[in-house]
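Q:
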Amino acid sequence: MLTDTPRQLTVIRDRSDKVFRGVIRAGGSTVLVIMVLVGSFLAFRASQALNKAGWSFFTEQAWEPDAGKFGIAAVIVGTILIATVAIVVTLPLSLGTALFITEYAPRKLRSFLVSIVDLMAAIPSVVFGLWGFFFLQQSIVPVSRWISQYFGWIPGLGVTGVDPTDPLATTTVYTSSTFIAGIVVGIMVTPIVTSIMREVFSQTPVGEREGALALGATRWAMIRNVVLPFGQGGIIGGTMLGLGRALGETIAVYMIISPVFFIQPNILQNGASSVAALIALRYGESTEMGLSALMAAGLALFTMTLIVNFGASIVVSRSRSGAAS
Amino acid sequence: MNIRRTFVKSARASLALLLTAVIVSGGSTAALAADYVPISGAGSSWSANAIDQWRRNVKQYGMSVNYASTGSVDGRNQFKGGTVDYGVSETPYGLTDNGVVDALPTRPFVYIPIVAGGTAFMYNLTSGGNRITNLRLSGDVVTKMFTGVITKWNDALIAADNPGLTLPDRAVVPVVRSDGSGSTAQFTLWMATKYNSLWESYCDKVGRNECGQTSFFPTSSGMVAQPNSQGVSGYVAQTANEGTITYVEYSYALKTGFPVAKVLNDANYYVEPTASNVAVGLLGAVINQDETSSMYLTQELSGVYNSKDPRAYPLSSYSYMIAPTTEQASFTATKGATLSAFANYFLCEGQQQAEVLGYSPLPVNLVKVGLEQVTKIPGADTATINIAQCNNPTFSSSGENTLAKNAPMPDPCDQKGVEQCTEGTGGASTTSTGGTTGTVTTAGALGETTAGALGGTMGTGPTQCDVDTGICSSVKAVPVATTSTGWAATNWVILSVIVILVLVVVVPPVMVTYAARKVRSS
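Residue numbers (my numbering), protein chains in the order written: chain A, 1 to 325; chain B, 1 to 522.
#1: What is the DSSP secondary structure of valine 176 of chain B, counted as helix, strand or coil?
#2: Taking just the CA atoms, how far does methionine 223 of chain B sit from glycine 452 of chain B?
#3: Which residue wins for smallest C-alpha separation from isoleucine 82 of chain A, given the options A:Arg318, A:Phe302 and A:Ile256?
#4: If the cut is a Cβ gap below 7 Å, which residues of chain B does leucine 281 of chain A touch?
#5: Compare the beta carbon distance of alanine 46 of chain A and methionine 295 of chain A with 8 Å and say whether it is the shorter of the two.
#6: 8 Å is my cut-off, CB to CB: does leucine 446 of chain B come that close to chain A?
#7: Any beta carbon of chain A sitting closer than 8 Å to that of aspartate 155 of chain B?
#8: Between proline 259 of chain B and serine 432 of chain B, what straight-line distance do the alpha-carbon atoms span, to the nearest angstrom?
#9: In angstroms with no decimal places, state the Cα-to-Cα distance between valine 22 of chain B and valine 126 of chain A.
#10: For threonine 382 of chain B and threonine 375 of chain B, what's the separation of their Cα atoms in angstroms?
#11: Of the residues B:Pro412, B:Asp414, B:Cys413 and B:Phe395, which one's Cα is nearest the Cα of lysine 405 of chain B?
#12: Report yes if the C-beta distance between valine 173 of chain B and threonine 244 of chain B is below 8 Å; otherwise report no.
#13: So, serine 258 of chain A versus serine 176 of chain A, is the Cβ gap smaller than 8 Å?
#14: Could you tell me how far apart the beta carbons of valine 184 of chain A and glycine 132 of chain A are, in whole angstroms, since I believe they sit closer than 8 Å?
#15: What residues of chain B sit near glutamine 137 of chain A, judged by a beta carbon separation below 9 Å?
#16: Quick one: is asparagine 491 of chain B near chain A, going by C-beta distance under 8 Å?
#17: If we define contact as Cβ-Cβ less than 8 Å, is valine 173 of chain B a contact residue for chain A?
#18: Quick one: does alanine 329 of chain A have its CB under 8 Å from some CB of chain B?
#19: Less than 8 Å between the CB atoms is what I'm expecting for glycine 158 of chain A and serine 144 of chain A, so what's the real figure, rounded?
#20: Under 7 Å between beta-carbons, which chain B residues line up against threonine 287 of chain A? List them in chain order, please.
#21: Cβ atoms of asparagine 162 of chain B and arginine 131 of chain B: under 8 Å apart, would you say?
#22: Apart from the five residues just before and just after glycine 182 of chain A, which ones in its own chain have a Cβ nearer than 6 Å to its Cβ?
#23: Figure out for me which residue from A:Leu299, A:Leu281, A:Pro265 and A:Arg318 has the closest Cα to the Cα of isoleucine 80 of chain A.
#24: Can you find at least 3 beta carbon pairs, one from the segment 84 to 95 of chain B and one from the segment 35 to 43 of chain B, that sit closer than 8 Å?
#25: Please tell me whether serine 307 of chain B and asparagine 265 of chain B are closer than 8 Å, where the distance is taken between their beta carbons.
#26: If you measure between the beta carbons of threonine 59 of chain A and glycine 68 of chain A, is that distance less than 8 Å?
#27: Checking 8 Å against the spacing of the C-beta atoms, do methionine 188 of chain A and glycine 234 of chain A come in under that value?
#28: I'd like to know whether the C-beta of asparagine 270 of chain A is nearer than 8 Å to at least one C-beta of chain B.
#29: Between A:Gly216, A:Glu249, A:Leu268 and A:Leu42, which has its C-alpha nearest tryptophan 153 of chain A's C-alpha?
#30: Determine the chain B residues that contact leucine 168 of chain A at a beta-carbon separation under 8 Å, and present them in chain order.
#31: Where does tryptophan 63 of chain A sit, in a helix, a strand or coil, going by DSSP?
#32: Between valine 263 of chain B and proline 410 of chain B, how many whole angstroms is the CB-CB distance? I'm expecting something under 8 Å.
#33: What residues match up with tyrosine 123 of chain B in a beta bridge as DSSP calls it?
#34: Give, in chain order, every residue of the segment 244 to 266 of chain A whose Cβ lies closer than 8 Å to some Cβ of chain B.
#35: Can you check which of these residues, B:Gln53, B:Asp52, B:Ser496 and B:Ala343, is closest to isoleucine 114 of chain B by C-alpha distance?
#36: Fully enclosed by the segment 185 to 253 of chain B, which alpha helix (DSSP H) runs are 4 residues long or longer?
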């Protein structure tokens, strides 16, 4: 019996196709090569410090590379706390802004609002830092005090070493904290998160929207049942992307926090830490060993940011709205 | 090549003379101005206010001098790494800090003294709703405040220094530098020299053995650490941050409009780091005169700390520029020419402004050796400068330090044990604090209100500006008492620029949608 063998298909691409594929491939692989180079450079420079510190690099809280006593336990926890506060601030803000722009704002106003949000993304972070340090800090201190006074029993929201009933109690314990740095970073990442969410929401199929409205749904019901489920991937992806930026934010955090090298779980209390701010603070004045230790901290941050961003892209690509993009 | 003489003269001359000079030497001035290339430096934020002013002043000669005030340690490291053309530092290379020796750079260099000044203790304290502006502190009390021994402002030791004040029951919050800093080095050297046991026992407590002089302040709980002089002074100047005290160059207190503590000297007088008190204090400094040493011209300050002159401010010190002497690491002779012209400017004319800015001018001997050092920079102009024409307030024909000689004796009320003077200090010199009652007779608390309203970014400048009319007129760029005049023309210009910028971004998309709709409807 004769078995059918599938016909061999040969693809013949013309020259413009080949050139285009080549350019695209080159671009894509260059990005990967650069990423790998950055990673291996950091790993290479960090090896001296990592050899010296060993596993204690992950458990030690102090940062004194020249004394051989250093680790990222405190700074990584500080970084995560600042990023968490930032995301808590940015998520509702961005979600609300994006929904308002795509669903509620009058058509005339829409492009104006989009420009405003994009303009916000263009503000340099040092300006946010100055604003946070000179203006926001003293305005937010009463809020911090109020929160710690009434919700201090929640772990992380308490402040030690201050008596809230004493009118002369110093308010400096509420300054330079994770909370303030987190708010500033949150406001900084809001524009980028907003524009991703807005983009995704605006892609919601018109048929489904109209279907929901035709079935008698109110606008809010339509958003809840059509726009939000459709844009789920965008919400999560945008937030994760914002988280990635928040983890790496340097100069604004550097200007606001009072760096401490122990795990500071109280987000309202003076004293915070972050990897990026630590690198900015110590980079210029380090010895060879100190520099190597900073590279190791940078490597840890790099890995963490990569994981967050990969996670984001996986979530986005699995979602309905992201599958097409 | 008499260009430098030309500009030295022209700056001093009246407008008519200046015009003539420009016309006479017009061609060559233009030629040299074109020869200047941009140079960049980094380092001390202690000296930054003076350097920034000088940089602005030399712009008119076509010099573009960049400076990043990133801290002395960063300045020394960047110079060592060859990333900047010059560094500025309070401390020299070669010191051991926290067990690490700061090695000399491989590129040959010289130290050039740039300016003198006092490390002041700027504070933010009120009592009964009124700002305290006449605080006095003795050295051991300051050390105890920064080492966690004294934790409350109403401590008996602080009260003993201030018999005229009712001090509040507030926590003392020391604000220290988080970066590697020359101010920290000067302050810790003073503590390590004068109050060694207090300082070293604190170091032991926070887990560092044998601190000595260090550029990195070991922090403990209750302290706040901020980067840069701008950061610490800005933090103290935030109205809500009451009870804070920091160590920072006097100029920052003037700039932010906040008072500084008068510090007790060995003659039992409490003194403020004014230009003349710093000059008197530095008469006790020993300058390394060994030209072959790598520490040539650096300072030894124990004579300053222990000066018996009633006018001497104990925490006075010099600041240094680190300049290369060979062409290396992108440093060319053309850059050398610009750097040496800039150095000649600040060593000569620039010193006139030191006092107004909150520093103290260099004495004649240091200006002389400084100018000699400048000639070692590659490409330097070798023409000699007649330093008698620099109008440096310390100069005299006899070689004495005029500023120090004519420094006023402290008021009798500044003596230890006597009820203190009520006049304000530092940037709050117009605000006096009342006597025993602790009430304030506010004589226009200009600095205070401005600093509060603007969050401490800027305040009113020193009011002694008016005394030296001739000098003052040349430093209009410093925020001296002009901020309170309200909404000036420049503010309108800035506002309109912002509005135009926003419109440029916002209008096009709106226009496009509008146009598109019109097309569609028609």
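Even for Gly, the Cβ is constructed at its ideal location relative to N, Cα and C.
A: Here's the rundown:
#1: strand
#2: In this prediction, glycine 452 of chain B scores a pLDDT of 35, lower than 50, which makes its location untrustworthy; no coordinate-derived value is stated.
#3: A:Ile256
#4: Within chain B, the residues near leucine 281 of chain A are Ser178, Asp179 and Pro227.
#5: Cβ atoms of alanine 46 of chain A and methionine 295 of chain A: closer than 8 Å.
#6: Note that leucine 446 of chain B has pLDDT 36, beneath the 50 cutoff, so the model's placement of it is unreliable and no number is given.
#7: no
#8: 10 Å
#9: For valine 22 of chain B, the predicted model reports a pLDDT of 38, less than 50, meaning its position is unreliable and no value from the coordinates is stated.
#10: 6 Å
#11: B:Phe395
#12: yes
#13: yes
#14: 4 Å
#15: Tyr235, Gln238, Ala240, Asn241 and Gly455
#16: no
#17: yes
#18: The displayed coordinates of chain A run from 1 to 325. Any statement about residue 329 of chain A would go beyond what the structure contains.
#19: At roughly 11 Å, the Cβ-Cβ gap does not stay under 8 Å, so glycine 158 of chain A and serine 144 of chain A are not in contact.
#20: Val100
#21: no
#22: Ile82, Val85 and Ala86
#23: Closest by alpha carbon: A:Pro265.
#24: yes
#25: yes
#26: no
#27: no
#28: yes
#29: Checking every option, the nearest Cα to that of tryptophan 153 of chain A belongs to A:Leu268.
#30: Pro168, Asp169 and Arg170
#31: strand
#32: Actually they are not in contact, since the Cβ atoms of valine 263 of chain B and proline 410 of chain B sit about 12 Å apart, beyond 8 Å.
#33: B:Ile245
#34: Tyr254, Met255, Ser258, Pro259 and Val260
#35: Of B:Gln53, B:Asp52, B:Ser496 and B:Ala343, the residue nearest in Cα terms is B:Ala343.
#36: If one requires a minimum length of 4 residues, the alpha helix (DSSP H) runs lying completely within the segment 185 to 253 of chain B are 196 to 205 and 228 to 236, in chain order.
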